[in-house]
Amino acid sequence: MTTFLFCYFKENYDAFMTYHLQENGFNILECPELREVIQSTDFFEKASAAVRSPYMLKEHCKSKLMLVEPVYHILRSESGHKIGTYSYVPITEVLKHYCSHEDIVDEIQANRYMDRDPNYLSDFSDGTYFKEHPFFKVNPHALRLHFYEDEFEVVIPLGSKRTKHKLCAFYYTIGNLDSKHRSKLKHIHLALLVRQTFVNRCGLQTILKPMLDELKILEIDGITIKVDGIEQTIHAALATFSADNLSAHMLGGFTMSFSSNRICRFCMATYSEMKEHFNEEDFVLRSPEAHEYHLKCVENPEHKATYGVNGPSPLNELKYFDVTKGFPPDIMHDLLEGVVPLTVKLVVCQAHKEKHITIQEMNEELQQLHIGQNDKKTDQCCFQRD
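Sequence positions in the sequence shown follow the working numbering and run 2 to 387.
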């Protein structure tokens with residue numbers, strides 16, 4: 002089909018070019034090279050000669066487009082039987098190719114010397130966590146790697162097939178780029194892709210090993226890149242690891258129950274205490290020193306619920322990552338599906354109870370509400386009198 006479309010286009014394009022050249026007094030017979038190109042019947046074969054097979058296409062992408070191939074790692078049971086494989090895209094190779102682009106280097110350099118208002122938080126580097134970070138405090142211009150983890154279904158999840166094809170993905174962005182670039186897909190890099198069933202069976206320690214090994218190299222030794230023919234060494238470190246609450250607790254080694262005992266990865270709050278107190282000052286914050294003590298205590302399984310810790314995180318292998326601060330809050334679940342709708346409900350109910358606004362007035366306001374393009378298919382809700 003591709004060959005047919007290409008040839009159909011070329012025939013019409015050749016006729017179009019020949020007609021207009023002749024109309025303007027240009028005789029193509031007097032130019033053998035042009036006549037050969039226009040009258041050629043194997044133009045598509047010549048144009049696609051370098052990518053005519055899957056192997057040649059891959060080699061072309063590697064040599065011309067800087068393709069970094071995934072490495073497939075085999076997972077085995079304790080008895081040595083093969084369980085399956087998962088894909089890992091070497092971070093060091095991706096960064097070498099990525100940072101060899103002149104425009105990327107220029108953007109990183111521009112962001113390094115950008116003037117920022119000290120009264121506003123507009124970037125990760127504006128916060129105290131970055132400024133007090135043991136690695137970035139010494140290496141403020143090193144690459145900041147912001148990792149993300151998520152699970153997703155590749156087919157419609159129904160019934161018993163619900164988790165059969167579920168995948169777990171780890172990907173990352175470079176925080177040294179300006180924020181307007183970081184949301185674009187071309188600046189988001191896949192690091193690891195694995196079936197969720199393999200994660201449950203083999204554990205994160207085994208699956209994350211190749212990724213952690215490379216992150217340790219980036220922390221200590223760095224990598225050598227070549228820009229404009231000049232070699233330079235750059236270092237990088239894991240700055241944050243974003244995930245939903247359940248995955249963040251799994252990665253951080255915290256208990257994965259949110260309905261009892263200590264349910265927070267930032268402080269020692271219990272489920273009941275969080276319903277009664279709402280200020281950070283009311284709780285004891287977790288710290289690296291306290292967490293080390295908790296890890297020793299939970300070697301006795303009976304103490305896991307006491308401290309809200311299941312065990313050591315695989316990320317503890319990294320010299321500069323702190324699990325008590327490195328997992329950002331889960332904004333979608335905590336705010337958009339948690340605090341925000343509850344607060345809106347309470348405010349609206351109280352406003353109606355005190356007769357500041359009627360149900361009819363609220364519904365009229367909702368009808369006039371401007372809805373964005375992505376939400377136009379969503380039915381607008383109306384308040385009911387009951």
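All C-beta atoms, glycine included, are put in the ideal place defined by N, C-alpha and C.
Bear in mind the structure is a predicted one, so any value in this text is a computation, not a measurement.
message: Here's the rule I'm using: 16 or more other beta-carbon atoms within 10 Å means buried, otherwise exposed. How should residue 315 be labelled?
response: buried
message: Looking at residue 240: is its Cβ nearer than 9 Å to the Cβ of residue 327?
response: The answer is yes: Cβ separation under 9 Å.
message: Using the Cβ count rule (16 or more neighbours within 10 Å means buried), how would you classify residue 242?
response: Flag for residue 242 reads buried.
query: Roughly how many angstroms separate the alpha carbons of residue 107 and residue 157, rounded to a whole number?
result: Residue 107 and residue 157 have their C-alpha atoms spaced approximately 43 Å apart.
- request: Report yes if the CB atom of residue 220 is closer than 9 Å to the CB atom of residue 136, and no otherwise.
  value: yes
- request: Evaluate contact between the segment 118-128 and the segment 248-259, counting only Cβ atoms and requiring at least three cross-stretch pairs below 8 Å.
  value: Flag = no, the segment 118-128 and the segment 248-259 do not touch.
task: Would you give the residue range spanned by the alpha helix (DSSP H) that residue 252 belongs to?
output: 246-253
- prompt: Can you tell me whether DSSP reads residue 226 as helix, strand or coil?
  reply: strand
query: Around the Cβ of residue 340, are there at least 16 other Cβ atoms within 10 angstroms (buried) or fewer (exposed)?
result: exposed
query: Which of helix, strand or coil does DSSP assign to residue 331?
result: Residue 331 falls in the coil class under three-state DSSP.
message: According to DSSP, simplified to helix, strand and coil, what is residue 185?
response: In the structure shown, residue 185 sits in coil (DSSP, three-state: anything other than H, G, I, E or B).
query: Considering only residues of the segment 25-87, which uninterrupted alpha helix (DSSP H) runs meet the minimum length of 4 residues and lie entirely inside it, listed in chain order?
result: Those alpha helix (DSSP H) runs which fall completely within the segment 25-87 and span 4+ residues are 33-40, 44-48, 55-65.
- request: Tell me whether residue 349 sits in a helix, a strand or coil according to DSSP, three-state version.
  value: helix
- request: Measure the alpha-carbon distance for residue 270 versus residue 280 and round it to whole angstroms.
  value: 11 Å
task: Whole angstroms is fine: what's the gap from residue 199's alpha carbon to residue 84's?
output: About 8 Å.
Residue 100, DSSP secondary structure in three states: coil
C-beta contact flag for residue 1 and residue 237 at 9 Å: For the chain, the structure presents residues 2 to 387; residue 1 sits outside this window and is missing.
message: Starting from residue 306, trace the alpha helix (DSSP H) in both directions and tell me its first and last residue.
response: Counting along the chain, the alpha helix (DSSP H) containing residue 306 begins and ends at 305-308.
task: Note down, in chain order, each residue of its chain lying with its Cβ closer than 7 Å to the Cβ of residue 166, except the 5 sequence neighbours on either side.
output: These residues qualify, in order along the chain: 154, 155, 156.
- prompt: What whole-angstrom Cβ distance do residue 174 and residue 147 have, given they're in contact under 8 Å?
  reply: 5 Å
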